[in-house]
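Line order of the protein sequences matches chains A and B. First residue of the first sequence: 1, per UniProt numbering; consecutive thereafter. First residue of the second sequence: 1, per UniProt numbering; consecutive thereafter. These notes concern the structure reproduced below.
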Amino acid sequence: MNEKNEFDILENAESSVTDRLEAEFPPRDNREKEKIFRMSERKFNNTSAPDTEKEQTVSGVEVYRRPKWQRGLSIAAACALVVGGATGGAYALKRFRNTPAAESQLDTQKKVAPFGDFSELEYQLCDYNRDSMRTVTIEDSPEAYGYFELFSGPIISQQKRDKLADFFNNYDYEEIAADTDEAIGVVNEAVTEAETIDISTIEDAPAPINADESDPYFIYCRDNEIKAVKIYDVGEFGVLNYTHFNFEEQDGQYFMTDDDMSVEAYKIDYDLFKSTINEILSSEDEEETPTEPEYKGVAPFGNFSEREYFIPGGEDAEKQIFVKSDEETQITFGSGEVISAEQSKQIEELFNSLEWNESVEPKTKPFWLVGIDRMTFISMDGSDFNMLSLNGDNNTLTWDSFRYETESEYDGMANYKRTEGSARQIKTYDIDYISLVNKLSEIMGRDLGYSIHNSFLNSDWSTEDDRVLLSEEQKRAIYELLSSCDFDQASESPKQISPDANLVLSREENNGTHTLLNIESNPDSTIFGYVKYEVDENGQYNGSDNTVMWLGSCPDNTIEEKISEILGRSKNAPLPEIITDLTTNDWRFRDLDLNSENHLHYDVVDLNTKYTDGYDNSYLQMIYGTDSIPEDKLKLISDLLDSTAWYESDYTEQHDLLFPDDNYDATQCIELSMMDDDHIFVMQLIEGENNTSLRIDAQSFFEENGTKYLDDPDDICLEVTDKILMCDDPELIDNIKRIIAG
Amino acid sequence: MTDQQLRRLLSSSPEKAHRLIFDEYYNYVYTIVFNRLRSLGTPEDIDECISDVFAEIFTKYNSESSHSGNIKGFVSAIARNRSVDTFRRLNSGIKASVSLDADEAVQLSSDERIDEQAERTETAHALLDAVKSLGEPDSTIIIQKYYYGRSSEDIGDMIDMKPNTVRKRLSRALSRLRDILREDDEGR
Chain A
1 MNEKNEFDIL
11 ENAESSVTDR
21 LEAEFPPRDN
31 REKEKIFRMS
41 ERKFNNTSAP
51 DTEKEQTVSG
61 VEVYRRPKWQ
71 RGLSIAAACA
81 LVVGGATGGA
91 YALKRFRNTP
101 AAESQLDTQK
111 KVAPFGDFSE
121 LEYQLCDYNR
131 DSMRTVTIED
141 SPEAYGYFEL
151 FSGPIISQQK
161 RDKLADFFNN
171 YDYEEIAADT
181 DEAIGVVNEA
191 VTEAETIDIS
201 TIEDAPAPIN
211 ADESDPYFIY
221 CRDNEIKAVK
231 IYDVGEFGVL
241 NYTHFNFEEQ
251 DGQYFMTDDD
261 MSVEAYKIDY
271 DLFKSTINEI
281 LSSEDEEETP
291 TEPEYKGVAP
301 FGNFSEREYF
311 IPGGEDAEKQ
321 IFVKSDEETQ
331 ITFGSGEVIS
341 AEQSKQIEEL
351 FNSLEWNESV
361 EPKTKPFWLV
371 GIDRMTFISM
381 DGSDFNMLSL
391 NGDNNTLTWD
401 SFRYETESEY
411 DGMANYKRTE
421 GSARQIKTYD
431 IDYISLVNKL
441 SEIMGRDLGY
451 SIHNSFLNSD
461 WSTEDDRVLL
471 SEEQKRAIYE
481 LLSSCDFDQA
491 SESPKQISPD
501 ANLVLSREEN
511 NGTHTLLNIE
521 SNPDSTIFGY
531 VKYEVDENGQ
541 YNGSDNTVMW
551 LGSCPDNTIE
561 EKISEILGRS
571 KNAPLPEIIT
581 DLTTNDWRFR
591 DLDLNSENHL
601 HYDVVDLNTK
611 YTDGYDNSYL
621 QMIYGTDSIP
631 EDKLKLISDL
641 LDSTAWYESD
651 YTEQHDLLFP
661 DDNYDATQCI
671 ELSMMDDDHI
681 FVMQLIEGEN
691 NTSLRIDAQS
701 FFEENGTKYL
711 DDPDDICLEV
721 TDKILMCDDP
731 ELIDNIKRII
741 AG
Chain B
1 MTDQQLRRLL
11 SSSPEKAHRL
21 IFDEYYNYVY
31 TIVFNRLRSL
41 GTPEDIDECI
51 SDVFAEIFTK
61 YNSESSHSGN
71 IKGFVSAIAR
81 NRSVDTFRRL
91 NSGIKASVSL
101 DADEAVQLSS
111 DERIDEQAER
121 TETAHALLDA
131 VKSLGEPDST
141 IIIQKYYYGR
151 SSEDIGDMID
161 MKPNTVRKRL
171 SRALSRLRDI
181 LREDDEGR
């Protein structure tokens, strides 16, 4: 009963209000729905089905005299029930009169056993020693002991079931006709025998009827449906007894009615059945023992195309689906379109081509790389729930499978839960998430994406040294590269780390702080530092206020180089031909210290040709050095340049030493110059904080009256290369100076 | 599914047809029954009444019945009658249920004064409008809590939210709702 409140106004309302309530604010109370449906059905049956009762009492066979030994009747299966041996025979006698042969409508193309195709139905093998799972009471039985017990049992592998299906489906069954006196006599005899033996041991005695426990007994239980197949020997011939019924759940108890049950019996070759079944069951066991997982080209979760997988939709999907996988957790997703057969086959090929290893301890990515990268396939065939979730953050695929049943279903919403007693299997395998998702995207013909929630990909990163914004492609490539790293977080972070690694990516955060990703190669690893630091009003790092958020390494020492390549800083950019061997020309040396005029030796300049441009205020000056470098030293310098890892960098003004301005912060600079008959070449090396850049200019000249003049600026060919070469060695200039100084 | 199709299904597979009818009209019946019994009945009374309604639907709506056309109207009539029936029984303390046929039910609603009912209906719609304007998930939280009387835990399950969060949202949403209603009132 509800408390009084302002919503009482909605009560006892006109249909315009209730219609609106239903449409806009549905009760969404699904927990009781199934119960109410069963209540309705029961009430309906009570008022409308008097005939059935009559039918029950008329039966000539004492079908309700279910002796207590049935309590001990064991069954297989996670949730199986059922009617055992001889009882089925008794049932058979009654049912034959009322039930037409059920298998008449079976598909004639494929022969299937009357109790269904073993390869398709997950029959389980009864284990008499397992615990009882639940009891199903026969609701309309006049006898107190009308109930069945459900027992758990081992699952039969698909391979085994396939073999059994082969045998069962191809056998010619002869139904024991209801009017065959002989058959009735024989079965009855067997029933009577069973009852007389067993009733003597009534009180809680365990199942004498199961004395022959070696008789295979198969149970299939899905949702509320039970199929039980048992063979037994009645002396003159073998009988295969097939019992089929549905039960209902109410208040945690399980009920069925006699009328729900159909029983069929077939004459079989008992010995053939028993030996064949046992052979299949035991032979397979041997095959199953190998411990090392060998997938033989099939993914551990089976052939992808054999299930109808879909990619779940989001909140805007047509239907929201809730699957309770256990008490605590509920898997929530939107419906999606089943993947086409063709695509499904391609995905299967892809999955089957991979090597699957169960993850021992999936590595997690550092927090700064974590996205919520997931990609999921789900298949729900009415009884089996299978979910393949690919997780980008730890590069795993998790296969979650269990049986499920419907709790409630509406337009736009469905609730399912794991069938009580059915095992939930969760297995996790290592994958390369990104490459897999890329391939899957290709197959599906759409971007299955992984960058939606990814803060790394969604930030504007730039290189710290030259402030070049990374393109989307570059970010993605770097992300993919880093995602494949096997990170190991350092246990103790140093309190301070300065942004001085060779390769530094940075991004500006919303709150004005900067985040740096330092990447530094070690001989056997790459060190990563993820640092936040504050900048002052001028955007300058003041060197003190930083926080190391993450410090760690990965055992791959090529990461820095690979990122440099992604950034177009290939470390093996070739040197321009003109400087590949310095010894072939007369290279001269000049030291330019921009901070000291004294070091600019204008007084000894050989070539100093000026020209004015259209504005009369610019000039071009090429300076030919005066100090020739001896050949042995040139050789050393040449070797040094050769052995340096150069990468190309876009030309930026700060590298333009021809017109150095006040802002230029190079700490030092040297020039090597060389002249042939009509050109002057100048190579400049400029030292930066963490690197050294190299640039070559060439200019043609002409000679007049013993004086050399540079050609008209319109004709000049300036740079020999249109790129600046960079290396990460800030010591290069010092080393060259040392060589020259001898 | 049309009436005709349903009738055909009823004759071939009554259980399937029952299931279809049930799934289709469960919310509808629930809403009607709940609306009538909300402040009087326990959840068990309501469940009982809903199952009575469906049992009656199953019984009366069969393949041979001459009922024509409008299933929803038929369902609605039974749901209203049954809930009034239950309402009376609960109200009077009479345990046994007495069947009411459709004619009596019509009389019952006409008992009420037309103008009063019209105003109530108008207020009810205004309230629903105000709740709607809160937006999701707040409107669901408010309705489930104060109309359907669900616990924060249940609501949390429904909309995948922690009970604590539901409680927090609830108090905020309620004060917002009161603001909206006050404005509405002043605006009139």
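Using N, Cα and C, we set each Cβ at its ideal position, and we do this for glycine too. None of these values were measured; they are calculated from a predicted model.
- With respect to the 8 Å criterion, residue 589/A and residue 686/A are not classified as neighbours on the basis of their beta carbons.
- Look at residue 335/A: its C-beta is not under 8 Å from any C-beta on chain B.
- Distance from the Cα of residue 485/A is smallest, within the candidate group 444/A, 443/A and 432/A, for 432/A.
- At the C-beta level, residue 313/A and residue 297/A stay beyond 8 Å of one another.
- Flagged as an interface residue toward chain A: residue 76/B, by a C-beta distance shorter than 8 Å.
- Boundaries of the beta strand (DSSP E) around residue 250/A: 248-250.
- Between residue 14/A and chain B, the shortest Cβ-Cβ separation is below 8 Å.
- Annotation: the continuous beta strand (DSSP E) that includes residue 254/A extends over 253-256.
- Only those residues of the stretch 12-27 of chain B whose C-beta falls short of 7 Å from the nearest C-beta of chain A are listed: 18, 22, 23, 26 and 27.
- For the stretch 129-147 of chain B, residues whose beta-carbon sits nearer than 8 Å to a beta-carbon of chain A comprise 131, 132, 139, 140, 143, 144, 146 and 147.
- Between residue 121/B and residue 18/A, the C-beta gap is not smaller than 8 Å, which leaves the two residues out of contact.
- For residue 32/B, the residues of chain A that pass the 7 Å Cβ criterion are 18, in the order they occur in the chain.
- In this structure, residue 701/A places its C-beta atom within 8 Å of the C-beta atom of residue 678/A.
- Here residue 376/A is buried, its C-beta having at least 16 other C-beta atoms within 10 Å.
- Under the Cβ criterion of 8 Å, residue 262/A is not counted among the residues facing chain B.
- The Cβ-Cβ distance between residue 49/B and residue 75/B does not fall below 8 Å.
- Within the same chain, 310, 311, 312 and 313 come within 6 Å of residue 336/A by CB-CB distance, once the 5 residues on both sides are set aside.
- Boundaries of the alpha helix (DSSP H) around residue 59/B: 43-60.
- In this structure, the alpha-carbon of residue 504/A lies about 45 Å from that of residue 379/A.
- If you draw a 10 Å sphere on the C-beta of residue 168/B, you find fewer than 16 other C-beta atoms in it, and that means exposed.
- The bridge partners DSSP lists for residue 240/A are 231/A and 266/A.
- By the neighbour-count criterion, in which a residue is buried when 16 or more other Cβ atoms sit within 10 angstroms of its Cβ, residue 243/A is buried.
- Partner residues in the beta bridge of residue 726/A, as assigned by DSSP, are 647/A and 693/A.
- For residue 400/A, the closest of 389/A, 409/A, 410/A and 407/A by C-alpha to C-alpha distance is 389/A.
- Between the alpha carbons of residue 79/B and residue 166/B lies a gap of roughly 32 Å.
- Taking C-beta separations shorter than 7 Å and ignoring five residues to either side along the sequence, the partners of residue 638/A in its chain run 581, 582 and 583, following chain order.
- One alpha carbon belongs to residue 35/B, the other to residue 11/A, and they sit about 5 Å apart.
- Near chain B, meaning a CB-to-CB distance below 7 Å, no residue of the stretch 224-236 of chain A qualifies.
- Judged by DSSP secondary structure, residue 156/B falls within the alpha helix (DSSP H) whose first and last residues are 152-159.
- According to DSSP, residue pairing for residue 679/A in a beta bridge involves 700/A.
- Under the DSSP assignment, residue 423/A falls outside any beta strand (DSSP E); it carries neither an H nor an E label.
- Nearest CB-CB separation between residue 8/A and chain B: below the 8 Å threshold.
- Contact fails between the stretch 400-419 of chain A and the stretch 340-352 of chain A, because fewer than three Cβ pairs, one in each stretch, are under 8 Å apart.
- Within chain B, the residues whose beta carbon sits less than 7 Å from that of residue 36/A are 47, 50 and 51, listed in sequence order.
- With the criterion set as a beta carbon lying under 9 Å from some beta carbon of chain B, the members of the stretch 409-421 of chain A are 409, 410 and 411, in sequence order.
- A direct Cα-to-Cα measurement between residue 280/A and residue 164/A gives close to 7 Å.
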